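Notes follow once the structure below has been shown.
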């Protein structure tokens with residue numbers, strides 16, 4: 001079995017074993033999407049308009065949750081040394097870790113997003129656009145978030161630092177995704193927003209492993 | 222396979238502090254070098270610099286026998302530090318299997334490592350339930366599971382009892398007899414003949 005596959009399986013096992021996999025993020029997601037309508041008011045018309053946006057923004061916030069431990073736990077116990085000394089380059093290691101993060105939390109959240117939106121009153125016909133948005137968006141959030149996690153290595157209160165680093169970088173995809181959703185809601189299809197979001201996700205997946213690896217090397221030095 | 226490690230004019234700086242400079246020595250195939258020195262003299266930093274994890278302030282580390290230094294490090298060395306790199310919440314079997322496969326071991330290597338270090342009874346326990354010495358044995362098992370030429374060991378015997386110190390000494394002797402190299406940071410003498418290099422003297 002290829003070493004990177006071994007690593008992916010281990011990362012998934014770690015996510016499921018210790019943190020309960022996607023459950024904390026899903027619980028947080030359910031929490032936000034239930035509480036927001038309580039704060040905004042129960043009028044179905046108003047809720048239906050903002051439902052896709054809520055589902056989308058809550059996804060971005062929930063993606064932040066388990067990032068803190070992504071590199072920190074391996075740095076603390078010396079595993080990062082081992083990962084840096086294996087056959088595959090550290091960039092590939094970081095990409096696999098971010099991918100595992102997406103599989104363990106981002107993907108389940110993306111599948112929950114249309115359910116939450118429809119529950120809040122969004123028309124079910126929007127569900128496909130919401131799923132596409134959420135899939136591309138959560139993938140980008142996992143990779144960009146991994147970059148924040150690697151940069152915050154070794155700092156105290158890393159979770160806060162990650163949020164500060166990462167949230168500005170979440171702004172473009174949130175805007176693209178929000179644009180796609182409102183286009184789709186007004187019957188314009190939403191393709192252009194989705195394409196922009198997809199492009200942003202592709203760039204994040206391609207470039208952030210380089211930054212993650214550089215930040216990890218820095219932390220090991 | 223790495224046949225010689227050559228350390229030339231090496232200097233390591235941690236923050237503002239210069240740990241040592243102008244350090245020159247070589248480790249040849251079949252040779253063990255014991256790094257000695259006070260606490261904080263830079264033994265661990267030297268091991269990490271040889272492993273390529275730490276950038277030296279000056280000087281070079283060269284490997285003979287493999288063209289490219291990065292490749293030599295990725296395929297030719299084991300670093301076992303005072304952090305074992307084992308996750309407390311996972312079983313010893315899972316952790317050993319990952320560390321060994323990551324460094325290139327196959328199933329046969331894993332089985333022989335578990336047998337050599339008598340881990341059969343420990344493998345199904347969570348790592349957090351193991352004693353310090355047992356944890357170290359799990360960490361050292363990857364040396365046997367995935368044979369690599371250069372062993373960089375940081376206080377490898379510290380948590381082990383006298384019986385296991387002897388037996389790990391036997392493993393070291395066998396590794397050297399097979400043309401391996403070893404660089405170990407130690408406070409107590411190694412159970413095998415080794416050339417001592419004092420750091421920060």
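Residue numbers (this note's numbering), protein chains in the order written: chain A, 1 to 221; chain B, 222 to 422. Just so you know, even glycine gets a beta-carbon here, dropped at the ideal spot from N, CA and C. Predicted, not measured: the structure shown is a model, and the values here were computed from it.
Anything in chain B within Cβ reach of residue 96 (chain A), meaning under 9 Å, just list it in chain order. Locating residue 96 (chain A) in the first chain gives position 96, where the first residue counts as 1. Taking a Cβ-Cβ threshold of 9 Å, none of the residues of chain B is close to residue 96 (chain A); the smallest such distance is about 11 Å.
Buried versus exposed, by CB contacts within 10 Å (16 or more), residue 339 (chain B): Within the second chain, the letter at position 118 stands for residue 339 (chain B). Answer is exposed; the Cβ neighbour count stays below 16.
Contact criterion: CB-CB distance below 9 Å. Does residue 311 (chain B) meet it with respect to chain A? To locate residue 311 (chain B), count along the second chain from 1; it is residue 90. So, interface residue.
Kindly indicate the opening and closing residues of the beta strand (DSSP E) around residue 235 (chain B). As a first step, residue 235 (chain B) is located in the second chain; it is residue number 14 there, counting from the start. For residue 235 (chain B), the enclosing beta strand (DSSP E) starts and ends at 225-235.
Of all Cβ atoms in chain A, is any one closer than 9 Å to the Cβ of residue 299 (chain B)? As a first step, residue 299 (chain B) must be located in the second chain, where it is residue number 78. Using beta-carbon distances, residue 299 (chain B) counts as an interface residue toward chain A, with a partner under 9 Å.
Check whether the stretch 358-370 of chain B touches the stretch 307-317 of chain B, taking contact to mean three or more Cβ pairs, one atom from each stretch, closer than 8 Å. Touching, yes, given that three or more Cβ pairs across the two stretches are closer than 8 Å.
Proximity to residue 105 (chain A) [Cα-Cα], best of A:16, A:11, A:22: Counting from 1 along the first chain, the entry for residue 105 (chain A) is found at position 105. Nearest neighbour of residue 105 (chain A) by Cα position, chosen from A:16, A:11, A:22, turns out to be A:22.
By the 10 Å Cβ neighbour count, where 16 or more other Cβ atoms means buried, how is residue 11 (chain A) classified, buried or exposed? The residue labelled residue 11 (chain A) in the question sits at position 11 within the first chain. Taking every protein chain shown into account, the CB of residue 11 (chain A) has 16 or more other CB atoms within 10 angstroms, so this residue is buried.
Measuring alpha carbon to alpha carbon, tell me which of B:279, B:409, B:421, B:405 ends up nearest residue 248 (chain B). The residue labelled residue 248 (chain B) in the question sits at position 27 within the second chain. Nearest of B:279, B:409, B:421, B:405 to residue 248 (chain B), Cα basis: B:405.
Strictly under 9 Å for the Cβ-Cβ distance: is residue 156 (chain A) near chain B by that measure? Here the question's residue 156 (chain A) lines up with position 156 in the first chain. No - not a single Cβ of chain B is within 9 Å of the one on residue 156 (chain A).
In chain order, what residues of the stretch 74-85 of chain A put their CB closer than 7 Å to some CB of chain B? Within the stretch 74-85 of chain A, the residues whose Cβ lies closer than 7 Å to some Cβ of chain B are 77, 78, 79, 81, 82, 84, 85, listed in chain order.
So with CB distances below 8 Å, who are the chain B contacts of residue 6 (chain A)? As a first step, residue 6 (chain A) must be located in the first chain, where it is residue number 6. Per Cβ cutoff of 8 Å: 319, 322, 323.
Interface residues of chain B facing residue 10 (chain A) [CB-CB closer than 7 Å]: The count along the first chain starts at 1 and reaches residue 10 (chain A) at position 10. Within chain B, 319 have C-beta atoms less than 7 Å from the C-beta of residue 10 (chain A), given in sequence order.
Host beta strand (DSSP E) of residue 280 (chain B) (start-end): Residue 280 (chain B) sits at position 59 when you count from the first residue of the second chain. Segment 279-285, the beta strand (DSSP E) holding residue 280 (chain B).
Test: residue 3 (chain A) CB closer than 9 Å to a CB of chain B: To locate residue 3 (chain A), count along the first chain from 1; it is residue 3. Nearest CB-CB separation between residue 3 (chain A) and chain B: below the 9 Å threshold.
Does the count of Cβ pairs from the stretch 102-119 of chain A and the stretch 134-144 of chain A closer than 8 Å reach three? Verdict: yes, contact present.
Amino acids of chain B, ordered along the chain, whose beta-carbon sits closer than 7 Å to that of residue 87 (chain A): In the first chain, the residue the question calls residue 87 (chain A) occupies position 87. For residue 87 (chain A), the residues of chain B that pass the 7 Å Cβ criterion are 295, 296, 325, in the order they occur in the chain.
Pick helix, strand or coil for residue 238 (chain B), following the three-state DSSP scheme. Residue mapping note: residue 238 (chain B) aligns to position 17 of the second chain, counting from 1. Note: residue 238 (chain B) maps to strand in three-state DSSP.
Does chain B have any CB closer than 9 Å to the CB of residue 17 (chain A)? Position 17 of the first chain holds residue 17 (chain A). It does: the Cβ of residue 17 (chain A) has a partner Cβ on chain B nearer than 9 Å.
Taking its Cβ as the centre, do 16 or more other Cβ atoms sit within 10 Å of residue 114 (chain A), making it buried, or is it exposed? For the purposes of this step, residue 114 (chain A) is taken as residue 114 along the first chain, with counting starting at 1. It counts as buried.
Residue 45 (chain A) at chain B interface by Cβ criterion, 9 Å: Here residue 45 (chain A) is taken as the residue at index 45 of the first chain, counted from 1. Chain B places no beta carbon closer than 9 Å to that of residue 45 (chain A), leaving this residue out of the contacts.
When DSSP labels each residue in this structure, what does residue 339 (chain B) get in the three-state scheme? By one-based count along the second chain, residue 339 (chain B) stands at place 118. In this structure, DSSP gives residue 339 (chain B) a state outside helix and strand, which the three-state scheme calls coil.
Return the first residue and the last residue of the beta strand (DSSP E) that residue 418 (chain B) is part of. Residue 418 (chain B) sits at position 197 when you count from the first residue of the second chain. 416-419 is the extent of the beta strand (DSSP E) around residue 418 (chain B).
Determine whether the Cβ of residue 215 (chain A) lies closer than 9 Å to any Cβ atom of chain B. Position 215 of the first chain holds residue 215 (chain A). Closer than 9 Å: no.
Whole alpha helix (DSSP H) elements within the stretch 58-119 of chain A, 4-residue minimum: Runs of the alpha helix (DSSP H) inside the stretch 58-119 of chain A: 69-76, 79-84, 90-101, 107-119.
What's the C-alpha gap between residue 170 (chain A) and residue 305 (chain B)? By one-based count along the first chain, residue 170 (chain A) stands at place 170. By one-based count along the second chain, residue 305 (chain B) stands at place 84. Across the structure, residue 170 (chain A) and residue 305 (chain B) are spaced so that their CA atoms are roughly 36 Å apart.
Starting from residue 220 (chain A), find everything on chain B with Cβ-Cβ shorter than 9 Å and list it in chain order. For the purposes of this step, residue 220 (chain A) is taken as residue 220 along the first chain, with counting starting at 1. By Cβ distance, chain B contributes 269, 274, 275.
Could I get the ranges of all uninterrupted beta strand (DSSP E) runs contained in the stretch 298-373 of chain B, with 3 residues as the minimum, in chain order? Entirely contained in the stretch 298-373 of chain B, the beta strand (DSSP E) runs reaching 3 residues are, in chain order, 298-301.
Give the list of continuous alpha helix (DSSP H) stretches no shorter than 4 residues that lie fully inside the stretch 390-417 of chain B. List check, alpha helix (DSSP H) in window: nothing returned.
Let me confirm a value: residue 54 (chain A) is counted as buried when at least 16 other C-beta atoms fall within 10 Å, else exposed. Which label applies? On the first chain, position 54 is the one that residue 54 (chain A) refers to. Residue environment: residue 54 (chain A) is assigned as buried (16 or more neighbouring CB atoms within 10 Å of its CB, all protein chains considered).
In the DSSP assignment, find the unbroken beta strand (DSSP E) run with residue 250 (chain B) in it and report its ends. What you label residue 250 (chain B) is simply residue 29 of the second chain in a count that begins at 1. Run containing residue 250 (chain B): none; DSSP gives neither H nor E here.
Anything in chain A within Cβ reach of residue 409 (chain B), meaning under 7 Å, just list it in chain order. Counted from its first residue, the second chain places residue 409 (chain B) at position 188. Neighbours of residue 409 (chain B) on chain A: none; closest Cβ ~22 Å, over 7 Å.
Pairwise C-alpha distance: residue 233 (chain B) and residue 278 (chain B): Within the second chain, the letter at position 57 stands for residue 278 (chain B). Within the second chain, the letter at position 12 stands for residue 233 (chain B). Just so you know, the alpha carbons of residue 278 (chain B) and residue 233 (chain B) end up roughly 5 Å apart.
Which same chain residues end up closer than 6 Å to residue 143 (chain A) when comparing Cβ atoms and leaving out the 5 residues on each side of it in sequence? Taking the first residue of the first chain as position 1, residue 143 (chain A) is located at position 143. These residues qualify, in order along the chain: 98, 204, 205, 208.
Who does residue 254 (chain B) pair with in a DSSP beta bridge? The residue you call residue 254 (chain B) lines up with position 33 of the second chain. Note: residue 254 (chain B) sits in a beta bridge opposite B:404, B:416.
Residue 349 (chain B) to residue 48 (chain A) span [Cα, whole Å]: Within the second chain, the letter at position 128 stands for residue 349 (chain B). Within the first chain, the letter at position 48 stands for residue 48 (chain A). Their Cα atoms are separated by approximately 50 Å.
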